[in-house]
Amino acid sequence: GHIGGRRTNQQWSELINNFPNETFVIFSAPQDIEKKRNLERPLANVLHSPSTRNIYEVGEIVKKLKILVTPDTSLVHIASCYDTPIIALYRKHEADRSQFGPLSTIQEIIVSPTIDVIDIDSSEVTGALSKMLKMFPYADGNKG
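Just so you know, the sequence shown maps onto residues 611 to 754 in my numbering.
Here it is as structure tokens:
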């Protein structure tokens, strides 16, 4: 990711813990695999997933997600390809949203008040996910 494009493991843990009846999958860059494992281990509702070897494997997972929550614009693009609902987290930089915004039919964009997505209030992300989850009639976590 770019500078300003990451959330802390604590922020992700809080989000995941707010939705104990949902199953989460965590993506990471190869160099962040240990951070990913540390985040996955203590959380009962996280599907421990192997490292993906390439962008195509990531796409195969993303297209099956109920919702994607990410600050990573490459994942935003992949979700757009499969029309996966998305909550996209952006730093306060207009070009990021105008050039790399989501194209999924169901989308929510949350913009940081600063140049770092770490400064997005966690309650805003939790609220957006809660609202989006209410849009889905199925509860098994799969798209239809």
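Think of the CB as a built atom: it goes at the ideal place given N, C-alpha and C, for glycine as much as any other residue.
message = My assumption, with CB atoms under 8 Å, is that E704 sits in contact with I720. Please give the rounded CB distance.
response = At roughly 15 Å, the Cβ-Cβ gap does not stay under 8 Å, so E704 and I720 are not in contact.
task = Look at I697 and L657 and say whether their C-beta atoms are less than 8 Å apart.
result = No.
query = What residue range is occupied by the uninterrupted alpha helix (DSSP H) comprising L743?
reply = S732 to L743
ask   = Any idea what DSSP makes of V656, helix, strand or coil?
value = strand
message = I'd like the span of the beta strand (DSSP E) that includes E718, first residue to last.
response = Q717 to V721
task = Measure the alpha-carbon distance for Y692 versus F637 and round it to whole angstroms.
result = 17 Å
ask   = Using DSSP with H/G/I as helix, E/B as strand and the rest coil, what is L713?
value = Collapsing the DSSP output to three states places L713 in coil.
message = Is M742 close to chain B? Criterion is C-beta to C-beta, closer than 8 Å.
response = The structure shown contains no chain B, having only a single protein chain.
task = Report, in whole angstroms, the separation of the C-beta atoms of Q621 and S722, which I expect to be a contact under 8 Å.
result = That pair is no contact at about 12 Å.
key: Own chain residues within Cβ distance below 7 Å of P640, not counting five before or after   = S661
ask   = Quick one: what's got a C-beta closer than 7 Å to M745's C-beta in the same chain, skipping five residues either side?
value = I716
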